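Trainee: The structure under discussion is supplied below as structure tokens; questions concerning it will follow.
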Amino acid sequence: MNKRPLVREEISQLLERLYPICRSLTGEGNRETLKILREHIPLDIREVSTGTKAFDWEVPKEWNIIDAWVKDPSGNKVIDFGNSNLHVVGYSTPVNKVMSLEELKGHLHTLPDSPTAIPYRTSYYEEQWGFCVSHEEYEKLEDGEYEVFIDSELKDGSLTYGELYLEGEIKDEFLISTYICHPSMCNDNLSGVVLSTFLAKELMKRDRYMSYRFLFIPETLGSIVWLSRNEDMVHNIKYGLVATCTGDDGPVTYKMAKSDDALINEIVVKSLQDSRVPYILQDFYPWGSDDRQYSSPGFDMPVGSLMRTPYRYFPEYHTSLDDLNFVSADNISDSVDRYIDVVNIVEKNKIYINKNPKCEPRLGKYGFYNIAGGQRKPEILDALRWILSLSDGYNSLLDISKRSGMEFCKIAQAAKALRECGLIEEIRT
Ligand SMILES: [Zn+2]
5 MNKRPLVREE ISQLLERLYP ICRSLTGEGN RETLKILREH IPLDIREVST
55 GTKAFDWEVP KEWNIIDAWV KDPSGNKVID FGNSNLHVVG YSTPVNKVMS
105 LEELKGHLHT LPDSPTAIPY RTSYYEEQWG FCVSHEEYEK LEDGEYEVFI
155 DSELKDGSLT YGELYLEGEI KDEFLISTYI CHPSMCNDNL SGVVLSTFLA
205 KELMKRDRYM SYRFLFIPET LGSIVWLSRN EDMVHNIKYG LVATCTGDDG
255 PVTYKMAKSD DALINEIVVK SLQDSRVPYI LQDFYPWGSD DRQYSSPGFD
305 MPVGSLMRTP YRYFPEYHTS LDDLNFVSAD NISDSVDRYI DVVNIVEKNK
355 IYINKNPKCE PRLGKYGFYN IAGGQRKPEI LDALRWILSL SDGYNSLLDI
405 SKRSGMEFCK IAQAAKALRE CGLIEEIRT
């Protein structure tokens, strides 16, 4: 891809624009985020009303916040939502009260082990209020009366998500799911949001064999709600990836889809081997992101997660230290490339049958020795022979690339040449 450095600049700009917005499970911050994404990709914005049932869950009230602060006994703002939206516990109810430091402390959250970081906390399902502060600031608070103010609102409204469907030649789909519910934090998960946006932009420019569906949803409840509304079509989803934590400096990590025979696992592993980047494989575990919902037994969808350093594995996770300095446009751009490597295999991984199965065809007759030219090790001829030998109507190009130890793109290139001269024919399954 010749997308640098222009795309890197665009990635930086989008990150910086989205970073200050106060997102949550619901609310205006999510709408604003999706509206900005629509400047890049034609997302459909969906609204699902408060009270809507989704399996064992229900869409809660919509939460919005205007302002929040705490003033110390001298009237100085010692905690200010205006400085960081992480200062307020997500879904905090309104409050306007004077109280003792002792009472206030019952509503303060800190991280003693990471004293400069503001933690990220939410309370979606229990009505309460709270503030998050760095432990350093917390320890400076002096005894006395504190004025506490949160101008927020919980009301009947809706849960908002964005969806983009890119139609391909076939109905089979590749799902890319990312979450938009985190306030000012970058790796978790503006990196996934930005990656998905630029991946969608790239796929929009291409001829597509597969169809692609992008979801920009609030984590957990968003995927539960989406699944409850789309139960009749999820069988079309043949591959899926959850895009999160894609912007830090760590090595690429692939958290595998749950099912042992999920083809997405083989495809991602082969794409990483071929790209020659260092990578870590994690077996599936039933916590983490939306892959939990997609993998639940009632759906059992083949959805893995392609990340850099996974959630919970970096100390900045769910704190104010996961900021614009913790991620880079270069890393996100590299992660986009890793996703495109996967797409390239998915698009071309077909099964062929050798139309000249009785002994080898005379390759020279078809001009293949000219393609090989004067190469001492004519790799293209090796690839042709592997395909002709294994194309029995059962082995896919991925199977052939694994068995031969050759890069998938070389096998796909050779398959194209063989197809063009009629020596192999695609089997439509
Ligand atoms: Zn998170």
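Under my numbering, the first residue of the sequence shown is numbered 5, with each subsequent residue one higher. Beta carbons: idealized from backbone N, C-alpha and C, even for Gly. The model shown is predicted, which means the values in this text are computed figures rather than measured ones.
Can we say the region 15 to 35 touches the region 57 to 71, given the rule of at least three CB pairs closer than 8 Å?
Mentor: The region 15 to 35 is in contact with the region 57 to 71.
Trainee: Quick check on residue 298: buried or exposed, where buried means 16 or more other Cβ atoms within 10 Å of its Cβ?
Mentor: Buried is the call here.
Trainee: Do you know how far the Cα of residue 184 is from the Cα of residue 222?
Mentor: One C-alpha to the other measures close to 5 Å.
Trainee: Measure the CB-CB distance between residue 99 and residue 133 and report whether it falls below 8 Å.
Mentor: Yes, the Cβ-Cβ distance between residue 99 and residue 133 is below 8 Å.
Trainee: Mark residue 53 as exposed unless 16 or more other C-beta atoms lie within 10 angstroms of its C-beta, in which case mark it buried.
Mentor: It is exposed - the Cβ of residue 53 has fewer than 16 other Cβ atoms within 10 Å.
Trainee: With distances taken from CA atoms, which of 169, 141, 97 and 176 is nearest residue 351?
Mentor: Comparing Cα positions, the closest option is 176.
Trainee: With residue 163 and residue 226 assumed to form a contact (beta carbons below 8 Å), what rounded beta-carbon distance in angstroms separates them?
Mentor: Their Cβ separation, rounded to whole angstroms, is 7 Å, which keeps residue 163 and residue 226 in contact under 8 Å.
Trainee: Spell out the partners DSSP gives residue 48 in its beta bridges.
Mentor: Beta-bridge pairing links residue 48 to 167.
Trainee: Apart from the five residues on each side of it in sequence, which residues of its chain come closer than 7 Å, Cβ to Cβ, to residue 142?
Mentor: Only 112 and 114 meet the Cβ criterion.
Trainee: So, at 6 Å on beta carbons, what are the nonlocal neighbours of residue 6 in its own chain, with the 5 sequence-adjacent residues on each side left out?
Mentor: Any reading at residue 6 must be qualified, since the residue scores a pLDDT of 47, below 50, and its modelled position is unreliable; the value itself is stated next. Cβ neighbours of residue 6 beyond the five flanking positions: none.
Trainee: Smallest Cα separation from residue 158: which of 96, 245 and 340?
Mentor: Per the Cα distances, 96.
Trainee: Can you have a look at residue 59 and say buried or exposed, based on whether 16 or more other CB atoms are within 10 angstroms of its CB?
Mentor: Label assigned to residue 59: exposed.
Trainee: Among residues of its own chain, excluding the 5 on either side of residue 88, which ones have a beta-carbon nearer than 7 Å to its beta-carbon?
Mentor: Once the five neighbours on either side are set aside, the close Cβ partners of residue 88 are 122, 188 and 324.
Trainee: Which value, in whole angstroms, describes the spacing of the CA atoms of residue 182 and residue 410?
Mentor: Their Cα atoms are separated by approximately 32 Å.
Trainee: Taking C-beta to C-beta, are residue 274 and residue 393 nearer than 8 Å?
Mentor: Result no, Cβ atoms of residue 274 and residue 393 do not sit closer than 8 Å.
Trainee: CA-CA distance, residue 139 and residue 43?
Mentor: Rounded to the nearest angstrom, the two C-alpha atoms are 39 Å apart.
Trainee: In angstroms with no decimal places, state the Cα-to-Cα distance between residue 171 and residue 353.
Mentor: For residue 171 and residue 353, the distance between alpha carbons rounds to 18 Å.
Trainee: Would you tell me roughly how many angstroms separate the C-alpha atoms of residue 79 and residue 108, rounded to the nearest one?
Mentor: Straight-line Cα distance between these residues: approximately 15 Å.
Trainee: So, with DSSP's three-state summary, where would you put residue 43?
Mentor: In the structure shown, residue 43 sits in coil (DSSP, three-state: anything other than H, G, I, E or B).
Trainee: If residue 279 and residue 312 are in contact, beta carbons under 8 Å, what's the gap, nearest whole angstrom?
Mentor: Going by Cβ atoms, the distance from residue 279 to residue 312 rounds to 14 Å, so no, they are not a contact pair.
Trainee: Label residue 432 either buried or exposed according to how many other C-beta atoms from any shown protein chain fall within 10 Å of its C-beta, with 16 as the threshold for buried.
Mentor: It is exposed - the Cβ of residue 432 has fewer than 16 other Cβ atoms within 10 Å.
Trainee: Please tell me whether, using a cut-off of 7 Å, the distance from the CB of residue 322 to the nearest non-hydrogen atom of ligand 1 is below it.
Mentor: Correct: residue 322 has its Cβ closer than 7 Å to ligand 1.
Trainee: Given this structure, state the Cα-to-Cα distance separating residue 208 from residue 180, to the nearest angstrom.
Mentor: Roughly 14 Å separates the two Cα atoms.
Trainee: Just list the residues that DSSP pairs residue 134 with in beta bridges.
Mentor: In DSSP, residue 134 forms no bridge with anything.
Trainee: Out of 249, 167 and 77, which one is the CA nearest neighbour of residue 146?
Mentor: For the residues 249, 167 and 77, the minimum Cα distance to residue 146 belongs to 77.
Trainee: In the DSSP output, what is residue 67 paired with across the bridge?
Mentor: Bridge partners of residue 67: 158.
Trainee: Name the two residues that bound the continuous beta strand (DSSP E) containing residue 244.
Mentor: Per DSSP, residue 244 belongs to the beta strand (DSSP E) from 241 to 246.
Trainee: Spatial neighbours of residue 268 within its chain, please: C-beta separation below 6 Å, excluding the five flanking residues on both sides.
Mentor: Cβ neighbours of residue 268 beyond the five flanking positions: 243, 261, 306 and 308.
Trainee: Please state whether the Cβ-Cβ distance between residue 193 and residue 330 is less than 8 Å.
Mentor: No, they are not a contact pair.
Trainee: Could you please give the first and the last residue of the uninterrupted alpha helix (DSSP H) stretch that includes residue 90?
Mentor: Here residue 90 belongs to no alpha helix (DSSP H), and DSSP marks it neither H nor E.
Trainee: Answer yes or no: the CB of residue 113 versus the heavy atoms of ligand 1, is any distance below 7 Å?
Mentor: No.
Trainee: Does the distance from the CB of residue 256 to the CB of residue 342 come in under 8 Å?
Mentor: Against a cut-off of 8 Å, the Cβ pair of residue 342 and residue 256 comes out as a contact.
Trainee: Identify the continuous alpha helix (DSSP H) that holds residue 272 and give its terminal residues.
Mentor: 267 to 279 is the span of the alpha helix (DSSP H), which, as asked, contains residue 272.
Trainee: Is residue 128 near ligand 1, going by C-beta to nearest heavy atom under 7 Å?
Mentor: Residue 128: no, Cβ never under 7 Å from ligand 1.
Trainee: CB residue 150 to CB residue 219, shorter than 8 Å?
Mentor: No, Cβ-Cβ distance for residue 150 and residue 219 is not below 8 Å.
Trainee: If we ignore side chains and look at the alpha-carbon of each, how far apart do residue 71 and residue 126 end up?
Mentor: In a straight line, the C-alpha of residue 71 is about 16 Å away from that of residue 126.
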